[in-house]
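*Asks:*
There are 2 protein chains.
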Amino acid sequence: MALIVQKYGGTSVGSPERIKNVAKRVAKFQAQGHQVVVVVSAMSGETNRLIALTKEVAASPDPRELDVVVSTGEQVTIGLLSMALQDIGLRAKSYTGAQVRILTDSAHTKARILNIDEAPIRRDLQEGKVVVVAGFQGVDEKGSITTLGRGGSDTTGVALAAALKADECQIYTDVDGVYTTDPRIVPEARKLDTITFEEMLEMASLGSKVLQIRSVEFAGKYKVKLRVLSSFQEEGEGTLITVEEDTNMEQPVISGIAFNRDEAKITVLGVPDKPGIAYQILGPVADANIDVDMIIQNVGHDGTTDFSFTVSRGDLDKTVRILDGVKAHIGARAIESDKAAAKVSVVGVGMRSHPGVASRMFRTLAEEGINIQMISTSEIKISVVIDEKYLELAVRVLHKAFGLETA
Amino acid sequence: MALIVQKYGGTSVGSPERIKNVAKRVAKFQAQGHQVVVVVSAMSGETNRLIALTKEVAASPDPRELDVVVSTGEQVTIGLLSMALQDIGLRAKSYTGAQVRILTDSAHTKARILNIDEAPIRRDLQEGKVVVVAGFQGVDEKGSITTLGRGGSDTTGVALAAALKADECQIYTDVDGVYTTDPRIVPEARKLDTITFEEMLEMASLGSKVLQIRSVEFAGKYKVKLRVLSSFQEEGEGTLITVEEDTNMEQPVISGIAFNRDEAKITVLGVPDKPGIAYQILGPVADANIDVDMIIQNVGHDGTTDFSFTVSRGDLDKTVRILDGVKAHIGARAIESDKAAAKVSVVGVGMRSHPGVASRMFRTLAEEGINIQMISTSEIKISVVIDEKYLELAVRVLHKAFGLETA
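Same order as they appear, the protein sequences are chains A and B.
If you're matching positions, the first sequence starts at 1 in our numbering and goes up one per residue.
If you're matching positions, the second sequence starts at 408 in our numbering and goes up one per residue.
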């Protein structure tokens, strides 16, 4: 008998019919003797509908109240799934984030989980109940409802699995696993049976939308066995995300090509080339809770330098406003921004022991005439920022250059 | 400076535009120096949409989970109204029923308020905030979300007004006050400036949908000054619901004609005419939380009697099933039921001192050939059950017979 946490995304619970299918799948696991905790997202489209409503009543909705509105999406799903489970003869009980007491900080719309009281859930499981928990939400010390940000339901699932010391956390989605790249762009893309946490982290953070990055971090940190599966297929093992590197000699150097369209590039021109300038520029940006991705500082000349970084497109205007505010203080000549950027990356733990990955990547892009605007590297990935219009082309040629279509 | 509790129903908050209008109205009251607590219902149509969803996933949705789903309707509205208030420069904070801690019993979908912790709301008011509370919902001792049943938002408003010792509880609705009867049936129906709690109680319980009956009971019990107003008119004093009877000599004997289409009649035939039979019949019905309205027991003959009562039509099938279960035990000959019943009543505190109301009512109906099936009287009302098809006719002729079109 195992304790399994299953997380179903918005598409998997997108209609009453699909919710009933999820109930049947959960029943199958329970019939096998497993204890099951189910984490669900809002029905697909619901969160967007709610956000649209808020924009109709307020130009810039208050984050606390935004969370009050948006968190209802998951609350509807937990009630519906619980009654669907009861309807087929199971015992089930729903919990909102506040009811579990998933304690978070007070950073509304982007809250982080501080603690989970898993005792009531454990009691329900021991009584033979299926426990259904609202993903994406929690409660702060003041009792205000918080949300974890988009994709936060994955994080809820993994955090619960960690708190309950679950045997496995299964993330059900509309794809049947993690692919070498997006099959919509490269039809030859191949499903991976396993991928390491590190690689998954790079793939997720780079825009492979299968799992939310924080959930992968969490899973790695707390050694939660994580599996990505399709909620629309009866069979299939999905992709297991492993702590250990595959020791197979035949393991390919590169596991996949990741990409992210949601990149905006900002360049601060002509700042004084002196210690502390990076902090002066990025400190106010971080204070506004804006995630900065790639950061490049050019070698200076004439005592000044140029400083570039990327943020999500949704954060661009806010970031530019912040920098305009500190421009005089830091002595910058100008702020430039570009919304039409995109990032493409090759990812693989194998590159640690295989030199030449970077040069092959750069040569491949050069042969297609694709200009590289920024480069950033880590032990297991190389990322470049390019003009968005070349994104699909870049992904296709890199997938082929690294032989990913064949295992 | 007064403390005002304002309750806005589903139609009044039925669209983002209307929510913004409510925000403006609240702002006007605050600008006059008043402290304002706003209680809101779900946006019109939302509760029905949610209930429809539950019926698609489960044949007979679990009441606890039904409350989890349905309570999201009001939660969306409090968030939207709070951000709309902030958008026009006010400070505002939303509370779900659980966040206020509106403690109720655990009778899901029909819960009763046990206690309200008003201290946090009072603190917010003193800080100059508008407090926005979700109507219709509370939380039980176990932390489960409960709902008060349809129309429960009125009850929330009045209960909050009582707990806060508010100066007035204003119920905003889509009508501009309480009328002598439904103007859709009698165009000459007249708005009343005042009505007593007792009369309002009879009018509400008899199907004048302006206010939910429990809210009127509450208001009477805790001496909350209650006013019914239109949320669609800028001016107008609405109808004030008073503790005191109007001492005006010219006061009409009858205040209004109330009616209720939602009546189903059940007759238990040939039960032994002995003590305790009423309890044996109605005990199991009450245990199932079914409200029984009119009750008639005929004079017995041959040692048996017939026992009739009315319930809401939605409860009819359940009631018949319950009675079929106890039929043998109580020794009844048969159970008959009739869905096409309707109740019409004349209401007025004036009838206490004016005899002849009953005879005028019965004569008026007889002149139109309308058969009376059941009669029930109280100090301030006379109700009759008639065939539903005569309902409009009965209301029209009674309104005229009691001279209600002229003040």
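For glycine and all other residues, C-beta sits at the position ideal for the given N, C-alpha and C.
1) Which residue or residues does DSSP assign as beta-bridge partners of Asp-794/B?
2) For His-399/A, I'd like the list of residues in its chain whose CB is within less than 6 Å of its CB, leaving aside the five on either flank, ordered along the chain.
3) Quick one: give me the first and last residue of the alpha helix (DSSP H) that Ser-308/A is part of.
4) Okay, do the segment 131 to 143 of chain A and the segment 90 to 97 of chain A touch, 3+ Cβ pairs below 8 Å being the bar?
5) List the residues of chain A whose Cβ lies closer than 8 Å to the Cβ of Lys-824/B, in chain order.
6) Can you list the residues of chain B that Ala-84/A reaches, using a CB-CB cut of under 8 Å?
7) Tell me whether Gln-874/B is buried or exposed, calling it buried when 16 or more other Cβ atoms sit within 10 Å of its Cβ.
8) Just verifying my parser: in three-state terms, what is the DSSP assignment at Ser-785/B?
9) Note down, in chain order, every chain B residue with its Cβ under 9 Å from the Cβ of Ile-78/A.
10) Taking C-beta pairs closer than 7 Å, name the residues in chain A that Ser-501/B reaches, listed in chain order.
11) If I follow the unbroken beta strand (DSSP E) through Tyr-415/B, where does it start and stop?
12) Within 10 angstroms of the Cβ of Arg-770/B, are there 16 or more other Cβ atoms? Answer buried if so, exposed if not.
13) Quick one: which chain A residues come within Cβ less than 9 Å of Pro-594/B?
14) Tell me the residue span of the beta strand (DSSP E) that contains Tyr-579/B.
15) Looking at Val-585/B and the ligand HEM, is the gap between the Cβ and the nearest heavy atom below 8 Å?
16) Against Gln-482/B, what residues of chain A qualify as contacts under a CB-to-CB distance less than 7 Å, listed in chain order?
17) Quick check on Gly-535/B - is its C-beta less than 9 Å from some C-beta in chain A?
18) Which of the three DSSP states is assigned to Tyr-279/A in this structure?
19) Rounding to the nearest angstrom, what Cα-Cα distance links Leu-3/A and Asn-289/A in this structure?
20) Does DSSP put Asn-298/A in a helix, a strand or coil?
21) Could you tell me whether the Cβ of Ala-23/A comes closer than 9 Å to any Cβ of chain B?
22) For Gly-480/B, is the classification buried or exposed, using 16 other Cβ atoms within 10 angstroms of its Cβ as the cut-off for buried?
23) Could you tell me which of Gly-564/B, Ile-458/B, Val-539/B and Glu-670/B sits nearest to Thr-482/A, measuring between CA atoms?
24) When you compare the CB positions of Arg-668/B and Glu-774/B, do they come within less than 9 Å of one another, or not?
25) Relative to the C-alpha of Asp-317/A, which residue among Ser-230/A, Ile-19/A and Lys-265/A is closest?
26) Ignore the nearest five residues each way along the sequence and tell me which others in Asp-709/B's own chain have a CB closer than 7 Å to its CB.
27) Going along chain A in order, which residues have a C-beta closer than 7 Å to the C-beta of Gly-550/B?
28) Does DSSP put Leu-487/B in a helix, in a strand, or in coil?
29) With a Cβ-Cβ cutoff of 9 Å, do Lys-129/A and Glu-168/A count as a contact?
30) Would you mind telling me which residues of chain B sit closer than 8 Å to Thr-147/A, beta carbon to beta carbon, in chain order?
31) May I ask you to verify whether the segment 727 to 737 of chain B touches the segment 746 to 766 of chain B, counting CB pairs closer than 8 Å and requiring at least 3?
32) Kindly say whether Pro-423/B, judged by its beta-carbon, lies nearer than 9 Å to any beta-carbon of chain A.
33) Of all the options Glu-786/B, Leu-689/B and Lys-435/B, which has the alpha carbon lying nearest to the alpha carbon of Gln-413/B?
34) Within 9 Å (strictly less), CB to CB, does Pro-272/A reach chain B?
35) What does Asp-494/B reach in chain A if we use C-beta pairs closer than 9 Å?
36) Under 8 Å, with one C-beta from each stretch per pair, do the segment 413 to 426 of chain B and the segment 553 to 568 of chain B reach the 3-pair mark?
*Replies:* Working from what's here:
1) Position 387 of the second sequence, counted from the first residue, corresponds to residue 794/B. Beta-bridge pairing links Asp-794/B to Ala-748/B.
2) Within the first sequence, numbered from 1, the residue matching residue 399/A stands at position 399. Once the five neighbours on either side are set aside, the close Cβ partners of His-399/A are Thr-181, Val-186 and Ile-257.
3) Numbered from 1 along the first sequence, position 308 holds the residue referred to as residue 308/A. Counting along the chain, Ser-308/A falls outside any alpha helix (DSSP H), though it belongs to the beta strand (DSSP E) covering 304 to 311.
4) yes
5) Here chain B has residues from 408 to 814 only, and residue 824/B is not among them.
6) To locate residue 84/A, count along the first sequence from 1; it is residue 84. Result: Val-464 and Ala-465.
7) Missing from the structure shown is residue 874/B; chain B here goes from 408 to 814 and no further.
8) Here residue 785/B refers to the residue found at position 378 when the second sequence is read from its first residue. The DSSP-derived three-state label of Ser-785/B is strand.
9) Translated into positions along the first sequence, residue 78/A becomes position 78. Correct list: Glu-472, Val-475 and Val-476.
10) As a first step, residue 501/B is located in the second sequence; it is residue number 94 there, counting from the start. By Cβ distance, chain A contributes Glu-65 and Val-68.
11) Working through the second sequence from its first residue, we reach residue 415/B at position 8. Element bounds for Tyr-415/B: 410 to 415.
12) Here residue 770/B corresponds to residue number 363 of the second sequence, with the count starting at 1. It counts as exposed.
13) Counting from 1 along the second sequence, the entry for residue 594/B is found at position 187. In chain order: nothing, as chain A lies at least about 37 Å away.
14) Here residue 579/B refers to the residue found at position 172 when the second sequence is read from its first residue. Unbroken beta strand (DSSP E) run through Tyr-579/B: 575 to 580.
15) With respect to small molecules bound, the structure shown includes none, and the ligand HEM cannot be examined in it.
16) Locating residue 482/B in the second sequence gives position 75, where the first residue counts as 1. Within 7 Å Cβ-Cβ: Val-68 and Thr-72.
17) In the second sequence, counting from the first residue as 1, residue 535/B sits at position 128. For Gly-535/B, the answer is no, since every Cβ of chain A falls outside 9 Å of its Cβ.
18) Position 279 of the first sequence, counting from 1, holds the residue named residue 279/A. Secondary structure at Tyr-279/A: helix, using DSSP grouped into helix, strand and coil.
19) Counted from its first residue, the first sequence places residue 3/A at position 3. Counted from its first residue, the first sequence places residue 289/A at position 289. Looking at the two C-alpha atoms, the distance is approximately 36 Å.
20) For the purposes of this step, residue 298/A is identified with residue 298 of the first sequence, where counting begins at 1. In the structure shown, Asn-298/A sits in coil (DSSP, three-state: anything other than H, G, I, E or B).
21) As a working note, residue 23/A is residue 23 in the first sequence. Yes, Ala-23/A lies at the interface with chain B (some Cβ there is under 9 Å from its Cβ).
22) As a first step, residue 480/B must be located in the second sequence, where it is residue number 73. By the neighbour-count rule (16 or more Cβ atoms within 10 Å), Gly-480/B is buried.
23) Outside the displayed span of chain A (1 to 407) sits residue 482/A, for which this structure offers no information.
24) The residue given as residue 668/B occupies position 261 in the second sequence. The residue given as residue 774/B occupies position 367 in the second sequence. No, they are not a contact pair.
25) For the purposes of this step, residue 317/A is identified with residue 317 of the first sequence, where counting begins at 1. Selected option, being the one with the closest Cα: Lys-265/A.
26) Here residue 709/B corresponds to residue number 302 of the second sequence, with the count starting at 1. Taken in chain order, the list of residues that qualify is empty.
27) Against the second sequence, residue 550/B aligns to sequence position 143. Taking a Cβ-Cβ threshold of 7 Å, the residues of chain A close to Gly-550/B are Gln-99, in chain order.
28) Within the second sequence, residue 487/B is the residue found at index 80, counting from 1. In the structure shown, Leu-487/B sits in a helix (DSSP, three-state: H, G or I).
29) In the first sequence, counting from the first residue as 1, residue 129/A sits at position 129. In the first sequence, counting from the first residue as 1, residue 168/A sits at position 168. When the beta-carbon positions are compared, Lys-129/A and Glu-168/A stay at least 9 Å from each other.
30) Taking the first residue of the first sequence as 1, we reach residue 147/A at position 147. Near Thr-147/A there are no residues of chain B at all, since even the closest Cβ is about 12 Å away, more than 8 Å.
31) Touching, no, given that fewer than three Cβ pairs across the two stretches are closer than 8 Å.
32) On the second sequence, residue 423/B is found 16 positions in, with the first residue counted as 1. True, the Cβ-Cβ gap to chain A drops below 9 Å.
33) In the second sequence, residue 413/B corresponds to position 6, counting from 1. With distances taken between Cα atoms, Gln-413/B lies closest to Lys-435/B.
34) To locate residue 272/A, count along the first sequence from 1; it is residue 272. Taking Cβ atoms only, chain B never reaches closer than 9 Å to Pro-272/A, which makes this a no.
35) In the second sequence, the residue the question calls residue 494/B occupies position 87. Ordered by position in chain A, the residues that pass the 9 Å Cβ test against Asp-494/B are Val-57, Ala-58, Ala-59, Ser-60, Pro-61 and Asp-62.
36) yes
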